[in-house]
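Notes follow the structure.
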Amino acid sequence: MKKGFSFFVPLALFFSFCLPVFSQHNEKSVETVLIDNFDTPDQMDWTWKIQASRFVADGYPIISNFKGMPNSLLPFVKEGDPEPRVLGAKVSFKRKGDNWFEIYPSKDDKPYEIPFRGNVSQLDFWVWGSNYLYFMDALVRDAEGSVHIIPAGNLLFYGWKNIVVKIAGSIRQSSSRHSIADNMYFVGFRFRADAAEHADDFSVFIDKFQYMAAGITHVYDGYNLKDADFGDKKSTGDGQ
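Per my numbering, residue 38 is the first one in the sequence shown, and the count goes up by one each step.
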């Protein structure tokens, strides 16, 4: 009897102290954030531009918006949604070699870097390949101001493919320094041709560009006081 009682008491204490801990809400919930599905280009804060390396053929590169979407996304279209569209680009080069082009967001006719929210774990987008040996990279700028190249694989396939790329933990996504950004930013997509790949017409399409992030790490109780204006030159905020 004494042994049973001595076992019961520690067990009861364990549940009384530990259960409240287990039931606490996880404040770093994961969310999926859509950057652009390209369905409503006229309603976005930015447009998409394109630039290419020196041996691009006359009249190229071309970027435009087209009707369509991957078949795998059709079940998610709801009544009343805008007509599905995708972003498309086409290039042609005068010769083989180190050919490349970039697709990037633009605002007020200047390159615009899209800020991420929270601690980003991965980028997720759909790409249409035409079975050319081109390599795709995502470019991001960390909170310290450095640009990182994130490989997204090659486009040696036909049709649509869902691409998911991980964000390395070594990339700084926030900083306590006032003189630099509090976010990581999306800079653009880069496409590089294999040196032996044909230089004639190459097309690519992109759809449903989104990312996954764990919580909004820079929003905390009293975060609005971070840049409070004390009247000195070092203050960057507009505190009252």
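For each residue, glycine too, the CB sits at the ideal point set by N, CA and C.
What you are looking at is a predicted structure, and each value in this text was computed from that prediction instead of being measured.
Given residue i as reference, the closest of the options once Cα atoms are compared
i	options	result
G134	A232, D266, V202	A232
G182	F194, W137, S212, E68	S212
F194	N168, V157, D73	N168
E234	A180, W197, Y171, K198	Y171
S143	A230, V241, N220, M81	M81
A189	R209, G96, D179, F162	F162
V184	N220, W197, N199	N220
P107	T77, G259, G196	G196
T84	D145, V114, K127	D145
I204	M249, R229, A230	M249
G166	D79, S240, D179	S240
I208	R229, K198, D179, L192	D179
G125	N102, D118, K115	N102
R229	P119, F246, L192	L192
K127	D266, G117, I140, G105	I140
Q247	L262, G96, I200	I200
F92	F138, G117, D269	F138
K104	K115, G96, P119	P119
Sub-7 angstroms separation of residue i and residue j beta-carbons
i	j	result
V123	L160	no
I243	V164	yes
S129	D237	yes
Q210	N156	yes
A89	K131	no
D76	P112	no
P98	I87	yes
Nearest-angstrom Cβ-Cβ length linking residue i and residue j, presumed shorter than 8 angstroms
i	j	result
L110	K245	6 angstroms
A265	V67	Not really, about 31 angstroms apart at Cβ, beyond 8 angstroms.
is_contact[residue i, chain C] using C-beta, thresh 7 angstroms
i	result
D161	This model lacks chain C altogether, as it is built from one protein chain only.
Do the region 220 to 233 and the region 171 to 183 touch if we need at least three Cβ pairs shorter than 8 angstroms?
yes
Fully enclosed by the region 61 to 109, which beta strand (DSSP E) runs are 3 residues long or longer?
67 to 73, 84 to 89, 99 to 104
Inspect the CB distances between the region 143 to 156 and the region 70 to 85 and report whether three or more fall short of 8 angstroms.
yes
Whole runs of the alpha helix (DSSP H) within the region 212 to 249, excluding any shorter than 4 residues
none
Can you give, in chain order, each stretch of the beta strand (DSSP E) that sits fully within the region 102 to 189 and has at least 3 residues?
With a minimum length of 3 residues, the continuous beta strand (DSSP E) runs that stay inside the region 102 to 189 are 122 to 128, 137 to 144, 156 to 167, 171 to 178.
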